[in-house]
Amino acid sequence: MSLRRPVAPKSERGTRPRQRRFASILLTWYARHHRKLPWRESRDPYRIWVSEIMLQQTTVRAVLPYFDRWFRLFPDLETLARAPLIRVLRAWQGLGYYARAANLHRAARVIVREHGGRIPDDERMLRRLPGFGPYTTAAVLSLAYGRPLPVIDANVRRTLMRITGLDDEASSRKDRLLLGRLSSFFPRRTPGVFNQAMMELGALVCRSRNPLCLSCPVIGFCTAAREGRQDTIPRPRRRASRSVEAVVAVIREGGRFFIQRRPPAGLFPGLWEFPGGKRKRGEGLEAALRREVREEIGVEIRNIRNLATVRHTYTSFRVALRVFSCRLKSGRISPGPDRRWVTLASVRRYPLPSASVRIVELLSGGGRRARA
1016 MSLRRPVAPK
1026 SERGTRPRQR
1036 RFASILLTWY
1046 ARHHRKLPWR
1056 ESRDPYRIWV
1066 SEIMLQQTTV
1076 RAVLPYFDRW
1086 FRLFPDLETL
1096 ARAPLIRVLR
1106 AWQGLGYYAR
1116 AANLHRAARV
1126 IVREHGGRIP
1136 DDERMLRRLP
1146 GFGPYTTAAV
1156 LSLAYGRPLP
1166 VIDANVRRTL
1176 MRITGLDDEA
1186 SSRKDRLLLG
1196 RLSSFFPRRT
1206 PGVFNQAMME
1216 LGALVCRSRN
1226 PLCLSCPVIG
1236 FCTAAREGRQ
1246 DTIPRPRRRA
1256 SRSVEAVVAV
1266 IREGGRFFIQ
1276 RRPPAGLFPG
1286 LWEFPGGKRK
1296 RGEGLEAALR
1306 REVREEIGVE
1316 IRNIRNLATV
1326 RHTYTSFRVA
1336 LRVFSCRLKS
1346 GRISPGPDRR
1356 WVTLASVRRY
1366 PLPSASVRIV
1376 ELLSGGGRRA
1386 RA
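Residue numbers (our numbering): 1016 to 1387.
Given below as structure tokens:
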């Protein structure tokens, strides 16, 4: 998606007065009805950047306590850059999509090292930083620095599709087309406020389900509302959801449990978890558990006891974790940078995936037993 200054197509240049009315009506509505959110209290690029990263794939209600805690822990870029990654991931635990936190940390270190601790106001420089894709770059530059760059997130995408009557699935593949249509009424003088107004309109009024069309300030511009198609635009996305079954070993030694850190790339980068992995087709549960432990840690286990089944749903797959308690039969596990023996009290200091958090709750007696 290009972030160049929007230029209206020739066919739309004669409609400028009407499009200016759209922007004027929307901005008036936003001034009266927008939510008071902490990241809107200033144009600090660091606060705006963190908020935009947190809000990706996450609701405002879920983000609010994390945002407040984040700025108590990391009040500025320098503090974030100096912090160890484990502390950053622990602060992020529960928000999901942990690569976002890892990229925040990596980008902060680059900004401190190469840009004197100031987030660049140059598009090309920003795009070279970890985690700065088209959306985040446009959001930071328009909201913090007033650059005339339109922002398209899920709320804006849905709103634009209804306004323009684009009958299709809501996909980022449509963003280039939507940017062209957005350009006809994008105001260059107040780009940040306009971008926030569009996002707010989608969040509060032009909702994915049960849109509040009668409360919409720009209903007179909406093709979908005029044609009665606001409930069918955009079309529902066809999600390929697969099921995964995995085994998890809770290896006990005295009053401690073994956990290990995941690789820095891939799913849940840098997080800690109990050992285990996918069950192969036709493989018994205990056989899968013994194989996974042998392959990952190089030890044999005994006293295998079924604890529970933990089910969790991610964006593109569902997982059933068959959790077993066990002890070492042969071999020894030495602690190291990516391996730890922890107590139930100390394990809470480590960043864990949501499913592993539920296993800890089960071990603590705070979760319900869920057998297959």
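Even for Gly, the Cβ is constructed at its ideal location relative to N, Cα and C.
Here the structure is a predicted model, which is why all the values come from computation and not from measurement.
Around the beta carbon of F1283, a 10 Å sphere encloses 16 or more other beta carbons of the protein chains shown; the residue is thus reported as buried. Looking at the DSSP output, K1051 shares a beta bridge with no other residue. Nearest neighbour of I1178 by Cα position, chosen from W1107, L1194, L1286, turns out to be L1194.
The residue from R1173, D1136, G1148, R1172 with its alpha-carbon nearest to that of S1157 is D1136. Shortest Cα-Cα distance from D1083 to any of P1251, P1053, E1260 involves P1053. Annotation: A1116 to Y1160 spans about 23 Å, alpha carbon to alpha carbon. The bridge partners DSSP lists for N1170 come to none. Put simply, of R1076, R1102, V1075 the residue whose alpha carbon is nearest the alpha carbon of L1088 is R1102.
Contact check for C1341 against I1312 fails: the beta carbons are separated by 9 Å or more. Nearest in C-alpha terms to E1260, of all of T1328, Q1275, T1094, is T1328.
In the displayed model, G1235 falls within a helix according to three-state DSSP. In its chain, beyond the 5 residues on either side, A1159 have a beta carbon closer than 8 Å to the beta carbon of D1059.
Taking all protein chains in view, the Cβ of T1094 is surrounded by fewer than 16 other Cβ atoms within 10 Å, so the residue is classified as exposed. In the DSSP assignment, F1082 falls within the unbroken alpha helix (DSSP H) covering 1075-1088. With 16 or more other Cβ atoms from the protein chains shown falling within 10 Å of its own Cβ, G1217 counts as buried. Non-local beta-carbon contacts of L1227 in its own chain, meaning distances under 7 Å to residues more than five positions away in sequence, involve V1220 in chain order.
Of the other Cβ atoms in all chains shown, fewer than 16 fall within 10 Å of the Cβ of R1203; this residue is therefore exposed. Looking at the backbone, the Cα of L1119 and that of T1074 are separated by about 19 Å. With a contact defined as Cβ atoms closer than 8 Å, F1289 and A1264 qualify at about 6 Å.
Residue burial is scored here from C-beta neighbours: Q1108 has at least 16 other C-beta atoms within 10 angstroms and is therefore classed as buried. Between the segment 1274-1282 and the segment 1349-1358, the count of Cβ pairs shorter than 8 Å is three or higher; the stretches touch. Counting the other Cβ atoms within 10 Å of the Cβ of R1050 gives fewer than 16, which makes it exposed. With a contact defined as Cβ atoms closer than 8 Å, A1038 and F1209 qualify at about 6 Å.
Cα atoms of Y1112 and V1308: separation of roughly 26 Å, rounded to the nearest angstrom. For S1371, the enclosing alpha helix (DSSP H) starts and ends at 1369-1378. Contact between E1067 and A1154 holds: their C-beta atoms lie close to 5 Å from each other, under 8 Å. Taking the C-beta atoms as reference points, A1114 is found no nearer than 9 Å to A1096.
From the listed residues V1362, I1040, I1063, L1141, the smallest Cα separation to R1271 is found for V1362.
Comparing C-alpha distances from T1043 to each of G1285, R1364, E1215, L1300 shows the shortest one belongs to E1215. Spanning the alpha carbons of S1230 and R1196 requires a straight line of approximately 23 Å. Listed in chain order, the alpha helix (DSSP H) elements of length 4 or more contained wholly in the segment 1239-1325 are 1300-1312. Here DSSP, grouped into helix, strand and coil, assigns L1336 to strand. When only Cα atoms are considered, L1104 and P1149 end up about 24 Å apart. By alpha-carbon distance to P1165, the top candidate from A1370, R1326, S1199 is S1199.
G1297 counts as exposed, since fewer than 16 other beta carbons sit within 10 angstroms of its beta carbon.
Within the DSSP bridge table, the entry for E1184 names R1250 as partners.
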